[in-house]
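Colleague:
Numbering (the numbering used here), first residue to last: 7 to 395.
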């Protein structure tokens, strides 16, 4: 079981260099009520839904912890899903998270009973200390009271806007370093190979998520052109002897890449995606939670500790569900699921070509992520930054 002492970790928010790991201790407070204790008798079989190792009988059928939690959450929240294919998706250990519609359909078809799902009890000893201003809410009500003012101050800082003078390429570079540092700390209990797989798989959605909550998400094309022109002007003001031929070639390549990508249909869809993400109006809790889910969600590549990682994702999604029950509208959890799917669909967008040609040149982004992941971490600051009045 992963555990972090959140009191000793700096706060993490988009745009802030002070990134702390996801506080997994919140997951320990989730109400795990089901119909009776799991049947762990020796003749227990594999999960009837996905074929994974069963943890016992839940809701009338043998199932794994992942499918049990998914079924309970779906029924309790009366969630409705949509299949993007032909409503006949394969549901197994490798693909069970790819189509929620077909997964729930199979749960019911295999005999898991809706009526067996208790309507659930809100965990006791969970006081609501959220002030009216959503940006002053401490990100997690499950944390002890002494920690809440510090987290509230960090959340307030997240609401402040970064300097408009910042180049979009500077923003991209900063996002690489802060994201890798946060991810490395959050994944410290996993093997290095799994850390690299998760980071490589989740990097694009996480970057898009950060971009959507930055000043650059409005009219991205204009910001890209402005940043490119500004960088070119600054470079041309330098003497020709102060820049190497490689630097000049990278500059020319960046300008041509930006111009070509801006004219391609995928980029037009990219702007629409940013607009949709912004329209969800996520609060700091939802931003932090979804980013953690994105980091640990990986269906397409082999992992050494796959079961452990899937358990983390299940705990995170259940924690988000409980948060929505206490503080949001009934349909909010489903909206967050839609936002997550929207972010995961951004993997094919030309992120590296568009934002990192100037920074990386011909070096693959994957190599940079690997080097940063294995480099010594910077010393943590004593306090998070506070907004300047």
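Quick reminder that beta carbons are idealized off the backbone N, C-alpha and C, glycines included. The structure displayed is predicted, hence computed values, not measured ones.
Is there contact between the segment 188-203 and the segment 296-304, where contact requires at least three CB pairs shorter than 8 Å?
Modeller: Yes, the segment 188-203 is in contact with the segment 296-304.
Colleague: Using a Cβ-Cβ distance under 9 Å, would residue 296 count as near chain C?
Modeller: Reference to chain C is not applicable here, since this structure consists of a single protein chain.
Colleague: Between residue 117 and residue 378, what straight-line distance do the alpha-carbon atoms span, to the nearest angstrom?
Modeller: Numbered from its first residue, the chain shown carries residue 117 at position 111. Numbered from its first residue, the chain shown carries residue 378 at position 372. Each residue's Cα considered, the two are about 48 Å apart.
Colleague: Sort out for me which residues DSSP pairs residue 67 with in a bridge.
Modeller: Stepping through the chain shown from its first residue, residue 67 is reached at position 61. Bridge partners of residue 67: 64.
Colleague: Output the boundary residues of the alpha helix (DSSP H) element that contains residue 322.
Modeller: Within the chain shown, residue 322 is the residue found at index 316, counting from 1. Here the alpha helix (DSSP H) through residue 322 covers 312-333.
Colleague: Rank 223, 120 and 374 by C-alpha distance to the C-alpha of residue 85 and give the top, closest one.
Modeller: The sequence position of residue 85 within the chain shown is 79, counting from 1. When each option's Cα is compared against that of residue 85, the closest is 120.
Colleague: Going by beta carbon distance, what residues of the same chain come within less than 6 Å of residue 218, once the five residues before and after it are set aside?
Modeller: By one-based count along the chain shown, residue 218 stands at place 212. So the qualifying residues of the chain are 280, 283 and 284.
Colleague: So what does DSSP say about residue 290, is it helix, strand or coil?
Modeller: For the purposes of this step, residue 290 is taken as residue 284 along the chain shown, with counting starting at 1. In the structure shown, residue 290 sits in a helix (DSSP, three-state: H, G or I).
Colleague: Taking the continuous alpha helix (DSSP H) assigned at residue 211, which residues delimit it?
Modeller: The residue given as residue 211 occupies position 205 in the chain shown. Looking at the DSSP string, the run of the alpha helix (DSSP H) that includes residue 211 is 198-218.
Colleague: What does a CB cutoff of less than 7 Å around residue 51 pick up in its chain, not counting 5 residues either side in sequence?
Modeller: Along the chain shown, read from residue 1 onward, the residue named residue 51 stands at position 45. Result list for residue 51: 60 and 68, in chain order.
Colleague: Can you have a look at residue 193 and say buried or exposed, based on whether 16 or more other CB atoms are within 10 angstroms of its CB?
Modeller: Here residue 193 refers to the residue found at position 187 of the chain shown. With 16 or more Cβ atoms within 10 Å of its Cβ, residue 193 is classed as buried.
Colleague: Can you name, in chain order, every residue of its own chain whose Cβ lies under 6 Å from the Cβ of residue 222, other than the five neighbours on each side?
Modeller: The residue given as residue 222 occupies position 216 in the chain shown. Result list for residue 222: 174 and 229, in chain order.
Colleague: Can we say the segment 351-370 touches the segment 90-106, given the rule of at least three CB pairs closer than 8 Å?
Modeller: In short, these stretches do not touch, since the Cβ pair count stays below three.
Colleague: For residue 95, which residues from the same chain have a beta carbon less than 6 Å from its beta carbon, with the 5 sequence-adjacent residues on both sides left out?
Modeller: The residue you call residue 95 lines up with position 89 of the chain shown. For residue 95, where only same-chain residues beyond five positions count, the Cβ hits under 6 Å are 105 and 108.
Colleague: Checking 9 Å against the spacing of the C-beta atoms, do residue 79 and residue 336 come in under that value?
Modeller: Here residue 79 corresponds to residue number 73 of the chain shown, with the count starting at 1. Here residue 336 corresponds to residue number 330 of the chain shown, with the count starting at 1. The answer is no: Cβ separation not under 9 Å.
Colleague: Quick one: grab the DSSP three-state call for residue 169.
Modeller: Counted from its first residue, the chain shown places residue 169 at position 163. Low local confidence applies: a pLDDT of 46 at residue 169 is under 50, so the model's placement there is unreliable, with the coordinate-based value given in what follows. Three-state DSSP puts residue 169 in coil, outside helix and strand.
Colleague: Would you call residue 290 buried or exposed, if buried means 16 or more other Cβ atoms sit within 10 Å of its Cβ?
Modeller: Taking the first residue of the chain shown as position 1, residue 290 is located at position 284. Looking at its Cβ environment, which holds 16 or more other Cβ atoms inside 10 Å, residue 290 is buried.
Colleague: Let me check understanding here. Comparing Cα to Cα, which of 317, 344, 349 and 298 lies closest to residue 275?
Modeller: Along the chain shown, read from residue 1 onward, the residue named residue 275 stands at position 269. Nearest option by C-alpha distance: 349.
Colleague: Closest to residue 81 by C-alpha separation, out of 180, 382, 327 and 381, would be which residue?
Modeller: As a first step, residue 81 must be located in the chain shown, where it is residue number 75. The shortest Cα separation from residue 81 among 180, 382, 327 and 381 belongs to 327.
Colleague: Use the C-beta contact count for residue 63: other C-beta atoms within 10 angstroms, 16 or more gives buried, fewer gives exposed.
Modeller: Translated into positions along the chain shown, residue 63 becomes position 57. Burial call: buried.
Colleague: If we call anything under 9 Å between Cβ atoms a contact, is residue 320 one with residue 197?
Modeller: Sequence index remark: in the chain shown, residue 320 carries index 314 (1-based). Sequence index remark: in the chain shown, residue 197 carries index 191 (1-based). Taking 9 Å as the Cβ cut-off, residue 320 and residue 197 do not qualify as a contacting pair.
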